[in-house]
Amino acid sequence: MEYNFREIEQKWRQKWKDTQAYTVSNESGKPKYYVLDMFPYPSGAGLHVGHPLGYIASDIFARYKRLKGFNVLHPMGYDAFGLPAEQYAIDHGIHPAASTEKNINTFRKQLDNIGFCYDWNREVRTSDPKYYKWTQWIFLQLFKSWYNRQTDKAEPIDRLVAIFEKEGNINHPVPNSRFELPGGTGQVFTATQWAAFDEFTQQSVLMEYRLAYCGFGEVNWCEALGTVLANDEVINGVSERGGHPVVKKKLRQWYLRITEYADRLQRDLETVDWSDAMKEMQTNWIGKSSGAEVEFSLASPPTPLLGERGGAASPGAGKSYKTADNNWHILKEFGRENRKNPTPAEDLLWQHIRNNKLGFKVRRQHTVRGYIVDFAILEAGLIVELDGEYHSEEQQRIYDEARTDFLKELGLTLIRFRNEEVLQNVEEVIEKIKIAIQEQKQNSVNAAGLPLLPGEKGSGDEAAGVRGLRVYTTRPDTIFGVDFMVLAPEHELVEQITTPDQKATVDEYVAYVKSRSERERMAEKKISGCFTGAYAVHPFTGKNIPIWISEYVLAGYGTGAIMAVPAGDERDHKFAQHFGIPITNIFGDVYTGEEAVSDKNVTLYNSGFITGLPVKEASEEVIHALEENGDGVRKINYKMRDAAFSRQRYWGEPFPVIWKDGIAYPLDESELPLELPHIDEIKPGKDGEGPLSNNEGWLTSFSPSFGGGRGESSTMPGYAGSSWYFLRYMDPHNDAAFCDRKASDYWNQVDLYIGGTEHAVGHLLYSRMWTKALYDLGYIGFFEPFKKLVNQGMIQGSSRFVYRVRGTSKFVSHGLRNQYETDQLHVDVNIVDGVELDIEAFKKWRNGEYANTEFILEDGKYICGVEVEKMSKSKFNTVNPDDLVNKYGADTFRMYEMFLGPVEQSKPWDTKGIEGVHRFLKKLWRLFYDENGPIWTDTAPSPSERAGGEATAAELKILHQTIKKIEDDTERFSFNTGVSAFMIAVNELTELQCHKKEILENILVLLTPYAPHIAEELWHQLGNSGSILDAPYPKFEEKYVLETSKTYPVAINGKTRTELNLPLDITQQEVEKLVQENDIVLKWLEGKPPKKVIYVKNRMINVVV
RNA sequence: GCCCGGAUGGCGGAACUGGUAGACGCGCCAGACUCAAAAUCUGGUAUUGGCAACAAUGUGCAGGUUCGAUUCCUGUUCCGGGCACCA
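Below, the structure written as structure tokens:
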């Protein structure tokens, strides 16, 4: 009886369907296990052999876990929203909903062919309104939440409003440091001010806190296509389709405030079982770095006054705020001492007003003309003093009054608080300070010309409103090596600081950069940039530093500006060399002048007060000095940016918001889902809006409850639906919640997640953030979605080529192609056997396009060229799993995909070896049947008449070795060696002519996860009932595989020369003796005694001569 | 450019914690069965030299550590993936 795989597989697929064999319940006494695949985007090309690699691996593991007694959740669905369907619609006029539906049906049929154990009752589709109702709902939760840095979690926005009403935002600073309250009054407001804000201002402020918020961001804009493009749709500044120019454009965009989660996303990586490479990629993406943000004042007025800074030799002379007289450095020492021993009240107030929290720079223990003041807000001409205990002394009071008068003469206002005032109600104190600032600011306009504050920024007319140039650096220690500053070309200051004579050059350069994608800018080897004509002032030396712009500084990272230290940074070094900027050496002999010093174990040189200090200490000193002077703050930065969450596209989830008077209002949850309207023709909207903007009727249709307004015309990105789908599988049909808390408590984290590394940062990071947000808000009970992650490698295509002789219809074989001038053409890999072209099939290919072709053969064959490329339809190198399943069966296909190599490894597809696996299954079959029928034997003599007696020791050894190997290999996802172990077992059992049911039955159970159809069939043939998935998993017993001796390799100087069979319990002395009696060893010893004999039990013996 | 992987016979790969390099399969060669072919079965197969025993070489490349390195370290080349609107 033959192995008829077609009949068997079809039969069992139907039976499993009929018996609902893979339906999973949320109620079970068994322990749970959740195995998940990254769900596919149903592309029009259908499934190719690369897709199922991960699915087969997870299917094996899911079945294995089920056999081991777990209640296994193993679902599947479709990531069905996305750009390709939309593009297809634009090109072919087929609606995305229709093409997606069609593609899903194809995918499903293909998946079914392979015999997966998915519980299809739980299928999800992200484009289904029943599903995206909850995507929208989660968006609304994010919109209605903010991140409380004090409790370190997301909380409802109502709570923030309550806080504002009580104390303003003094304890909860605005996340975005560039934010300005209306009227340019900084970032901090009091409860009174909050109450006075109008609705628009209040909502604008809240928007700055929401986890899902609206802001402005740059996109790749293609005017000719009227649409926004992805980075990889832009090549060399033009669109991939059509080659139209692409520029950056600022558009209103939705964002997710993922940066608030940066630290937790980083920290919690410790709690998951992912590969180090994967964790490292996430770590790099998050890009946590610590350093300092330094504010350089601008030299002003620009260039003409440069020479007027007299006394530049004395320290601090060039500082923009020179407020003390010649004794200032003595006083400064006092100030420094005081700073180290602040009173509790001083410290408390300082914590509330430092770091620009008032919107103004505050200096502490600042020297003013012979006096040390507690706090100085020089920009506003305000001095804040706190009483110490000694201030109650009468004499002190008189002194204080005298000082007040003196400061008044200088045009400064002094306000004074008692210590208790501060300690008891710091909010009120701050409110008073703010009010004083407001008042003083108005007055100080008149006081602008006072000699007290030479070089004060803001005093010049042109630079009015410019606070200074803020840079972020991870190397504050190199600050004495700053030779120039570099701004991102799109930095907001560029326009303001550029001098008239540099304007033309700068404008030209900015326009050039605007046409380049971020990736091009990062990958650029050529050095480009230009000088703005402006200078910044060094906070310690007072030296003027030229300000440049260059594309190697990115606007989105840090402050969009850097202090360039050529001696300590390679890119800065190249830049300086290229433009001939003199380089300051701050590393002494270590710096050769050839390249920047990257070594961090150096001491500094020529660096003022940090000369001679090592990097780390120097950094600390510099940060302290900056903070004391109010010129900078310690700062932790993240490379990660907030995630752009809107797309100017049609085929995505609509935003459940309505815009009215510039305010975004959330739709009521009862109105969800907000369904995507069906539109007949998808075309871009005006001014960069998405296609939905052409549908004015729809945009205004859901606004009546708001009394007008307009919906959002952009849609959510692809990752919206995929950021939470693993939760929906737990409770897929729930109409009252995205997932019942009971269900998510039961299934909890995904125990095993399998998918490609291409999602290393995007999808995996967003899912983690959504999970954390839902956890914070109390909707689920775990904060990491995927406990263990296994990355399957990418299956590449192996392309085949034919060579057409130019100008003819002749094709020449690969080996002879150099004798002609040829064009290389892709040929369908499916009509090539290895490298030999099936000429008849080729003639029929593409509807007989090559029917009359002649061939120039070598050795009577046409040999094709080979190249490894990405698998794609256009390269004719895709292989359809359907064809292979049809020819060899699903079991063969599954095992072959696994046999190709380690799951994690990328490799090109090659169908060649599949025969071997198919042969193995046939060989397995022949352990049960020969041409005449069943041949298995029973232990009991009757009734089968084929009694085989007890299993022999050799047979039991094979069985138990296999049990151990398969368990080990399956547990560590080494499925390729697992398949190999089955082959070895079958080969050995065949050799022993073992047909004993007792042995074979166990082998079948082991095989079930890998080849479920044949295992189930033979299991039933052996007379079992029920499903083999419910059979007990064989138990490994060591006693069957124990050995008493081992054949050791004997090496001389590490090179194996012979073997010795030795008992396992032999001692070192005995080994040494036996080794020295061995003929071959003696030959290599050449009469000398061995230097040493190394004996490692169970491993090897090495003789050192 | 930056980040993360990978490289072992003619091919896919094995060697799990530093201990016999090449398991298992493909391909190839030889043989059996057959009029013949397919299928199936048996044996061989890293390279070089040798009838053989055996010897030398050998895990991308160049070094290092070690009694011993595919495995650890340093440098380097090539290939693949990602780099924020492809999914």
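Quick note: the first sequence uses our numbering, first residue 1075, plus one each step.
Glycine is no exception: its CB is placed at the ideal position from the N, C-alpha and C atoms.
- request: Give the DSSP bridge partners of TYR1712, in chain order.
  value: LYS1362
message: With a threshold of 6 Å on Cβ separation, who are the neighbours of VAL1664 within its own chain once the five nearest residues in sequence on each side are excluded?
response: VAL1671, VAL1676
- prompt: Is there at least one non-hydrogen atom of the ligand NAP closer than 6 Å to the beta-carbon of ALA2059?
  reply: The ligand NAP is absent from the structure shown, which contains no ligands of any kind.
Segment contact, 8 Å Cβ cut-off, at least three pairs: the stretch 2084 to 2103 with the stretch 1957 to 1965: yes
message: On the CB-based measure, 16 or more other CB atoms within 10 Å of its CB, does ASP1133 come out buried or exposed?
response: Counting other Cβ atoms within 10 Å of its Cβ, ASP1133 reaches 16 or more and is therefore classed as buried.
- prompt: Considering only residues of the stretch 1720 to 1785, which uninterrupted alpha helix (DSSP H) runs meet the minimum length of 4 residues and lie entirely inside it, listed in chain order?
  reply: 1770 to 1775
query: Is the stretch 1276 to 1294 in contact with the stretch 1445 to 1459, if contact means three or more CB pairs nearer than 8 Å?
result: No, because fewer than three Cβ pairs between the stretch 1276 to 1294 and the stretch 1445 to 1459 fall closer than 8 Å, the two stretches do not touch.
- request: Could you check what DSSP says for HIS1992 in three-state terms: helix, strand or coil?
  value: helix
message: Strictly by DSSP, which residues pair up with HIS1440?
response: VAL1447
- prompt: Does DSSP put MET2057 in a helix, a strand or coil?
  reply: helix
- request: Keeping to the same chain, check which residues put their C-beta closer than 6 Å to that of TRP1622; ignore five residues upstream and five downstream.
  value: PHE1558, VAL1560, GLY1603, PHE1605.
query: Among LYS1599, LEU1255, ASP1479, ALA1699, which residue has its Cα nearest to the Cα of LYS1648?
result: LYS1599
query: Taking PHE2002 as the reference, which of ILE2032, GLN1866, GLY1785, CYS2068 has the closest Cα?
result: CYS2068
- prompt: Helix or strand or just coil, what does DSSP make of VAL1689?
  reply: helix
field: Touch test, the stretch 1758 to 1766 against the stretch 1289 to 1302, Cβ-Cβ under 8 Å, three pairs minimum
entry: yes
query: Is TYR1221 helix, strand or coil when you go by DSSP?
result: strand
task: Taking 7 Å as the cut-off, decide whether the C-beta atoms of LEU1737 and GLY1785 are in contact.
output: Sequence inspection shows Ile at residue 1737; the Leu mentioned does not correspond to that position. Going by C-beta atoms, ILE1737 is not nearer than 7 Å to GLY1785.
task: Return the bridge partner residues of SER1371 from the DSSP annotation.
output: VAL1611
- request: Indicate whether GLU1160 and ARG1721 have their beta-carbon atoms separated by less than 7 Å.
  value: no
query: PRO2137: buried (16+ other C-beta within 10 angstroms of its C-beta) or exposed?
result: The residue in question, PRO2137, is exposed, as its Cβ has fewer than 16 Cβ neighbours within 10 Å.
field: In DSSP terms, what LEU1982 is bridged to
entry: Leu is not the amino acid found at residue 1982; the sequence shown has Pro there. Answer is GLN1870.
query: According to the neighbour-count rule (16 or more other Cβ atoms, all chains shown, within 10 Å of its Cβ), is VAL1906 buried or exposed?
result: buried
message: Checking 7 Å against the spacing of the C-beta atoms, do LEU1287 and TYR1329 come in under that value?
response: Per the sequence shown, residue 1287 should be read as Tyr rather than Leu. Going by C-beta atoms, TYR1287 is nearer than 7 Å to TYR1329.
- request: For PHE1491, collect the residues of the same chain with a Cβ closer than 6 Å to its Cβ; drop the 5 residues on either side in sequence, then sort them by chain order.
  value: LEU1460, VAL1503
Bridge-paired residues (DSSP) for PHE1605: Per DSSP, the beta bridge partners of PHE1605 are TRP1622.
query: Taking only runs of the beta strand (DSSP E) that begin and end inside the stretch 1813 to 1864, which ones reach a length of at least 3 residues, in chain order?
result: 1824 to 1830
query: Taking the DSSP output, what are the residues bridged to ARG1284?
result: TRP1220
task: Output the distance between the C-alpha atoms of LEU1380 and THR1572, rounded to the nearest integer angstrom.
output: With a pLDDT of only 33 at LEU1380, under 50, the local geometry of the prediction cannot be trusted, and no value is derived from it.
message: Whole angstroms are fine: how far does the CA of LEU1157 sit from the CA of ASP1165?
response: 12 Å
LEU2066, DSSP secondary structure in three states: coil
task: Report the rounded CA-to-CA distance for TYR1152 versus GLU1197, giving the unit in angstroms.
output: The alpha-carbon atoms of TYR1152 and GLU1197 are separated by roughly 8 Å.
query: Which residues mark the beginning and the end of the alpha helix (DSSP H) in which ALA1670 is found?
result: Element bounds for ALA1670: n/a, residue is neither H nor E.
- request: Would you tell me roughly how many angstroms separate the C-alpha atoms of ALA1154 and ARG1199, rounded to the nearest one?
  value: 6 Å
- request: Can you tell me which of the three DSSP states ASP1933 falls into?
  value: In the displayed model, ASP1933 falls within coil according to three-state DSSP, outside both helix and strand.
Classification of VAL1901 by the beta-carbon crowding that lies within 10 angstroms, buried from 16 upward: Here VAL1901 is buried: its Cβ has 16 or more other Cβ atoms, across all protein chains shown, within 10 Å.
- prompt: Which class does ARG1326 belong to by DSSP, given the choice of helix, strand or coil?
  reply: strand
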